[in-house]
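To keep things clear, I will list the structure first and then write my remarks on it.
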Amino acid sequence: MTVLKYLQAYPVALQDQVRQLIAAGRLEDYLSQRYPQKHDVQSDKALYTYALDLKQAFLRNAAAIDKVLFDNRLDLTHRALGLHTTISRVQGGKLKAKKEIRVASLFKEAPSEFLKMIVVHELAHFKESDHNKAFYKLCEHMLPGYHQVEFDLRVYLTWRDMQ
1 MTVLKYLQAY PVALQDQVRQ LIAAGRLEDY LSQRYPQKHD VQSDKALYTY
51 ALDLKQAFLR NAAAIDKVLF DNRLDLTHRA LGLHTTISRV QGGKLKAKKE
101 IRVASLFKEA PSEFLKMIVV HELAHFKESD HNKAFYKLCE HMLPGYHQVE
151 FDLRVYLTWR DMQ
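Take the sequence shown: its position 53, counting from 1, is numbered 53 in UniProt numbering, and each next residue is one higher.
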């Protein structure tokens, strides 16, 4: 039986469906039919604009984003597809906090829905720090069908590992 490391938290029935697609050699077809379009966000500047647009549409009152970039040091072994950080510095006797979002570089080549899911996930952390019910409700608000896209992202990562 194939171990699906990205899907271990999902029910066995769903894992078995993915295993059947793998056995039939249809996993790539499944993904390309559901997510045929790649995005054109290829630079850090374009990613910053993309994230800022999403923030303006859904989180106007959240803290400003200071930096958004693709990070080739983020890898799946650390279970990080994206990171949100707050860096605090003392400047002239005042404490200043800078908000950053880093997205794993592998999403330069991923379908557009997967990039949006990662950015939405990291933006949601600006309002909700924990992965709780309110956090996922916010993610669902910003990206309807969030949970399905997250599952399919994990299927995509499984497919990438097989390549």
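All C-beta atoms, glycine included, are put in the ideal place defined by N, C-alpha and C.
DSSP places F58 in the uninterrupted alpha helix (DSSP H) bounded by 44–58.
Contact between the stretch 143–158 and the stretch 117–130 is present: three or more C-beta pairs spanning the two stretches fall below 8 Å. For I101, the secondary structure class from DSSP, reduced to helix, strand or coil, is strand. Setting aside the 5 residues that flank it on each side, L31 is surrounded in the same chain by P111, D152, V155, Y156, W159, each with a C-beta closer than 8 Å to its C-beta; the list follows chain order.
In the DSSP annotation of this structure, the continuous segment of the alpha helix (DSSP H) that includes D152 starts and ends at 146–162. Apart from the 5 residues on each side of it in sequence, V68 sits with its Cβ closer than 6 Å to the Cβ of L47, Y48, A51, I101 in its chain, given in chain order. The residue from Q33, F126, P36, V3 with its alpha-carbon nearest to that of Q20 is V3. The C-alpha of Y146 is placed about 27 Å away from the C-alpha of K98. Burial state of E113 is buried, judged by a 10 Å Cβ sphere holding 16 or more other Cβ atoms.
If you check the CB distance, K127 and A62 come in under 7 Å.
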